[in-house]
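Peer 1: Mind looking over this structure? Questions follow.
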Amino acid sequence: MKKLAPLVALAVVLLLSACGGGGSSKSSNNSGGTTTPTPAPTPTPTPTPTPTPTPDPTPAPTPTPTPDTSGAPAISIVDYTKLLVPDVDAHTLHILSPSTLELVRITQKPAGAAPSAWDYVNGNLPDASKFSVTVNGSAVNVTAVGFKRRALSAPYAARDLRLTNSLVLTLASEVPEGASVAVKNSDGSVFGSSFDFSGPAHPLRYSPAIHVNQEGYVPSWPKKAAVGYYLGTAGELAVSNLTFKIVNAATGASVYSGSLTARADTGWPTTPAPYQKVYEADFSAFTTPGEYKLVVPGLGASLAFMIDEGMAMNFARTYATGLYAQRCGSSNELPFTRHVHAACHTAAASVPLPASAFAFTWNTIANYANTINSNNPTQTAARLTSDSAQLFPFNRTGTVDVSGGHHDAGDYSKYTTNSALLTHLLAFAGESFAGVSALDNLGLPESGDGISDVLQEAKIEADYLLKIQDTDGGFYFLVYPRENEYESNVLPDAGSAQVVWPKTTSVTAAAVGALAELGSSPKFKAAYPQQAAAYLAAARKGWDFLTAAIAKYGKAGSYQKITHYGDDFTHDDELAWAATAMFVATGDSAIHQTLLSWFNPADPATRRWGWWRCYAGYGAAIRLYAFAARSGRLSASQLNATHLARCEAELRGAADDAVTWSGQSAYGTSFPYESKRFMSAGWYFSSAQTYDIAVGYQLEAKSSYLDATLRNFNHEIGTNALNVTYVTGLGWKRQREIVHQYAWNDDRVLPPNGIPLGSLQTGNVYTGTYGTELAAVSFPKDDASVPTPFYDRWTDTNNATTEFVNTDQARALGGAAFLAALTGTRTQSWKSATANIDGVPATVSAGVPFTVSVSAPGLDLSDARIIWEASGQQPSVATTYTFTPQGQGAQWIEVEAQLPDGRRAIGRKNLFSENGLANVSVTATDATAKLGSTTDTATFTFTRTGDTSQSLAIDFAFTGTAAKWTDYWRPDVGDMPETLTFPAGANTVALTFAARANSTSANPQTVIVTLRTGPGYNITSPNTATVTINQ
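9 is the number of the first residue of the sequence shown in the numbering used here; add one for each residue after it.
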């Protein structure tokens, strides 16, 4: 849903483009401008990891987790770690530090009204005297009160705006470790006596100020966590005890200790500068596998995390699952995902000719073509506002098979520029990231066949690209719904009719680049020689199309803009990409000279806004050239030494930039300095930033590259200011609402796994359900002189500026696969596993709860994180699950057991719930009656199954074109009832009637009976029947 109308003004600020290396999309992690970034702190050197073998786990039938004997208090539902939205007035006390308390309360904001409570946004904070604090029963004075508020949850489907409110109390004296704390409000003006703001200062109490990767860490690699907390108007949490320890999650026993080091953020222009009291806990020296928590004395404990050799593989498998969920033209199936659907978008798309029959398509194209990009040179070609304005008219007519590939983003469309870039990113990682070509164990349908899973995912997209090439060699701009821009309120397998859009040089060049690259990949050719040849042939045909277009219209004159996709640098970056790929694939010296004349990688003008290296098509061209000899496509002597050196310098520069930006962030994410300077964030994904770093690592295995890669994944999976996991399917504090048509329309609460979510945002945006309310309720305001800082801006809602595109997924998968290939699990065999849901009773009765567990043959689930969902119930994370069937009829339970290495056992149980009542249906056993006859009658027969020992009265209604009683009746008893009774022991009862008039002059004349609900029976199919009266 990339171009929502309410975001047009915002897009001017955020500047739509792709995250972490470019690509035509909605993605943007910064805004324009140039300056010299502040140098990053020098990272602590970390040895290049040595892979260690990890044996497959010993099979065990059922999970047997280690019991928790630590005594740690339960985490409150308010903290959002239980997959549940807390109720209105849910509340908790956080003992943030010995001198700082946080009272958290959930409130609700109705439409057109003020929040239900704690509306302290206009300088009306309660006075410190309103609070009575006792520590072990002794009074402690409150010296200051602070406040912050943010929308917590705002679901897309139906309005329910929940707010998180925090009152921050500063104490005059410190709370000792282990003490009992209670906060009261004697006059009830802040909260009533039913509110319990009390709890122990237990050493292992949950602390929202301690931030870890909620999945975990690889034993031999850097392991970093963060400590810090934003207090709203009270500023930042002061941390006085600068020590930490790692404790066993189950027992609380200390296993490691260390010192916190300051890690202040740099680059934000606001005063005071945010995130100046953030600290880092480095426990890289601790390498023992297990489940742990990080504890800071006086603050409490983190969420639990694992240290496990399979952790990087966990990341890779999860992001691979996310791309699997985006596949188009095929089904998503168990046990690879719970989020299943049948094959989608298999119908051929229309070529929009004649234009008069496709008014919506051509009007939409014209609207986009008339939207001018002021950053580009003036387009010399005619604007593509109609069929007749095309420089490259459609050759095909009728329909085109466009099945396959991947849905571009949260919607179901497919944009050729992004399809090409997706192919490149996967193909390059599969060919040139060390060890990635050997990963055949990512948990996909193709896993275990001896071919790289990453290259096979690239093949799916490249096969689709072949289909959208016109007979003249040009490629269609995109595949779109025929009568609207986005398919709404449908699952993909019920999608709309589609249409292709006109050809352009930008998308053709991108497709040429992608197909020539994969077609010339030595590792791909070894697996698919015939398909590789087909890709190269299509690329050659596309290249010929481009050269003919340029010969006819000139290089600038052959470009026609449609949307922003592929419009940055007009088509110049895609042409550089196409020329590079064709040269690298063929060694053609003439193409080489063309490339050198078109593209100078050292020219800052080829960087987005003068500073963003390796952006879009230029990035693809640079990578391909730099690795042309390394991949074995060409010899070093065939390359231009100057051009090669410039390409390598840009790749190193892109990796170094990401390291610098990571060093400037208190939480380690590579958020660009320029974005901070302009206070702009949107479509930013930490995991996508890892791709350029991984490329740099292939040139030089710097420890700083590994460290920055891990920091970015840490940030995405929980090491951030809010402890949110910004990828679906991982961590404890998960987002339920995402911008994703499938997630909006299936019958589950949780979205598909492996979808990256924008981890930084300028703020909440307009939505159809809430308008601008989500921004309005925030305090401090995001645009205030001292605003809520960026890392603390988040709501569980469908914010379009956090929507991914599949190129973000490809970058994340590339970075994660790079890491996975360095670990011992790189050779672990894996495809899928079906989970068994155990304990379902033979008879399932409505309203009668039962508890189920999970097992998976051959897998030890004792360390698994187990997620449950069921019809009519909220999700849960627990070893067992209690299900209460909701009424009579079809029900389902699903389970997903995730191991630390990312292997998942997935299962579903379909049930039918009985309520002990008889099931009643109706049929027309004699479906015709003759008008005016008392012998040629019609009969409805009602049938019951189940208990027949008692008599049973049923109700029904008559409709149809005939009038009850006037036109038909029971002549033997002189009535036409709407109630009948089954005698005891009978399983059928009949209603026979005759037709005597046609008062409505109907033709045909019909009588329809429909069962009505009643207290003693269920209605089953068929619940309606029809009789026809013959004249």
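Every residue gets a Cβ at the ideal spot worked out from N, C-alpha and C, and that includes glycine.
Taking the beta strand (DSSP E) that M314 belongs to, which residues open and close that run?
Peer 2: It spans 313-315 - the beta strand (DSSP E) in which M314 sits, taken as one unbroken run.
Peer 1: Three or more C-beta pairs closer than 8 angstroms, one from the region 560-571 and one from the region 491-507: is that the case here?
Peer 2: No, the region 560-571 is not in contact with the region 491-507.
Peer 1: Assign D127 to one of three DSSP states: helix, strand, or coil.
Peer 2: Looking at D127 - three-state DSSP - the assignment turns out to be coil, as it is neither helix nor strand.
Peer 1: Between the Cα of F686 and the Cα atoms of F798, S712, G737, D700, which residue gives the shortest distance?
Peer 2: Closest option to F686, Cα to Cα, is F798.
Peer 1: Starting from N1026, follow the alpha helix (DSSP H) in both directions and report where the run begins and ends.
Peer 2: Taken as a continuous stretch (DSSP letters only), N1026 belongs to no alpha helix (DSSP H), being part of the beta strand (DSSP E) at 1025-1027.
Peer 1: Less than 7 angstroms between the beta carbons of A363 and V487, yes or no?
Peer 2: For A363 and V487, no; Cβs fall outside 7 angstroms.
Peer 1: K156 lies in the alpha helix (DSSP H); which residues open and close that run?
Peer 2: First-last for K156: 150-162, but that is the beta strand (DSSP E), not the alpha helix (DSSP H).
Peer 1: Which of the three DSSP states, helix, strand or coil, is assigned to I725?
Peer 2: Strand, per DSSP.
Peer 1: Please list, in chain order, all residues of the same chain as A98 whose beta carbon is under 7 angstroms from its beta carbon, the five residues on each side excluded.
Peer 2: Correct list, in chain order: I85, V86, I114.
Peer 1: Using DSSP bridges, identify the partner residues of W620.
Peer 2: Answer is R616, bridged to W620.
Peer 1: Between the alpha carbons of I746 and P134, how many angstroms are there, rounded?
Peer 2: Straight-line Cα distance between these residues: approximately 36 angstroms.
Peer 1: Comparing alpha-carbon positions, which option in Q749, D800, A709 lies nearest H347?
Peer 2: Nearest C-alpha to H347: Q749.
Peer 1: According to DSSP, what are the bridge partners of G886?
Peer 2: A small fix is needed here, since residue 886 is Ala in this sequence, not Gly. For A886, which the question treats as bridged, DSSP gives no partner whatsoever.
Peer 1: Ignore the nearest five residues each way along the sequence and tell me which others in V359's own chain have a CB closer than 8 angstroms to its CB.
Peer 2: The residues are F402, R404, T405, G406, T407, V408, V507, V508.
Peer 1: Count the other CB atoms within 10 Å of the CB of E682; is the residue buried (16 or more) or exposed (fewer)?
Peer 2: Result: buried.
Peer 1: Please classify V794: is it buried, with 16 or more other beta-carbons within 10 angstroms of its beta-carbon, or exposed?
Peer 2: The residue is exposed, with fewer than 16 neighbouring Cβ atoms inside 10 Å.
Peer 1: Are the CB atoms of T842 and G924 nearer to each other than 7 angstroms?
Peer 2: It is not a contact, given that the beta carbons lie outside the stated cut-off.
Peer 1: Could you tell me the distance, in whole angstroms, from the CA atom of A397 to the CA atom of S786?
Peer 2: So the alpha carbons of these two residues sit roughly 48 angstroms apart.
Peer 1: Would you mind stating whether T89 and K741 have Cβ atoms separated by less than 7 angstroms?
Peer 2: Cβ distance < 7 angstroms, so T89 and K741 count as in contact.
Peer 1: Which whole runs of the alpha helix (DSSP H) in the region 742-826 are 4 residues long or more, in chain order?
Peer 2: Here the runs fully enclosed are 749-753, 781-784.
Peer 1: I'd like the list of long-range same chain contacts for R1020, defined as Cβ closer than 6 angstroms, with 5 residues on each side in sequence excluded.
Peer 2: So the list reads D963, F964, A965, once near-sequence residues are dropped.
Peer 1: Since G625 contacts A518 with CB under 8 angstroms, what's their CB separation in whole angstroms?
Peer 2: Right, the Cβ-Cβ distance comes to about 6 angstroms (below 8 angstroms), so this counts as a contact.
Peer 1: Return the Cβ separation of L821 and A428 in integer angstroms, given the expectation that the two are a contact with Cβ distance under 8 angstroms.
Peer 2: 17 angstroms between Cβ atoms; not a contact.
Peer 1: Taking all protein chains shown into account, decide if D416 is buried (16 or more other Cβ within 10 angstroms of its Cβ) or exposed.
Peer 2: Buried: at least 16 other Cβ atoms inside 10 Å.
Peer 1: According to DSSP, is R325 helix, strand or coil?
Peer 2: Three-state result, R325: helix.
Peer 1: Just the C-alpha distance for Y713 and G704, rounded to the nearest angstrom, thanks.
Peer 2: The alpha-carbon atoms of Y713 and G704 are separated by roughly 7 angstroms.
Peer 1: Which value, in whole angstroms, describes the spacing of the CA atoms of S941 and E986?
Peer 2: Distance between the alpha carbons of S941 and E986 is about 22 angstroms.
Peer 1: Are D800 and Y238 touching if we call contact CB-CB under 7 angstroms?
Peer 2: The answer is yes: Cβ separation under 7 angstroms.
Peer 1: Based on the DSSP output, what are the partners of H414 in its beta bridges?
Peer 2: According to DSSP, H414 bridges with R335.
Peer 1: Out of curiosity, what's the CA-to-CA distance linking D581 and K467?
Peer 2: Roughly 23 angstroms separates the two Cα atoms.
Peer 1: Over the uninterrupted beta strand (DSSP E) stretch that includes L111, give me the two end residues.
Peer 2: Here the beta strand (DSSP E) through L111 covers 108-116.
Peer 1: Quick check: V757 and P893, are their CB atoms within less than 7 angstroms of each other?
Peer 2: Cβ distance not < 7 angstroms, so V757 and P893 don't count as in contact.
Peer 1: If you compare alpha carbons, which of G766, S767, A783, P764 is closest to V773?
Peer 2: Comparing Cα-Cα distances from V773 to each of G766, S767, A783, P764, the minimum goes to A783.
Peer 1: Kindly list the residues whose CB is nearer than 8 angstroms to the CB of D664, restricted to its own chain and excluding five residues on each side of it in sequence; keep chain order.
Peer 2: Cβ neighbours of D664 beyond the five flanking positions: G704.
Peer 1: Do T296 and T77 come within 7 angstroms of each other at the CB atom, strictly closer than that value?
Peer 2: It is not a contact, given that the beta carbons lie outside the stated cut-off.
Peer 1: Please give me, in chain order, every unbroken run of the beta strand (DSSP E) with length at least 3 that falls completely inside the region 949-987.
Peer 2: 960-967, all fully within the region 949-987.
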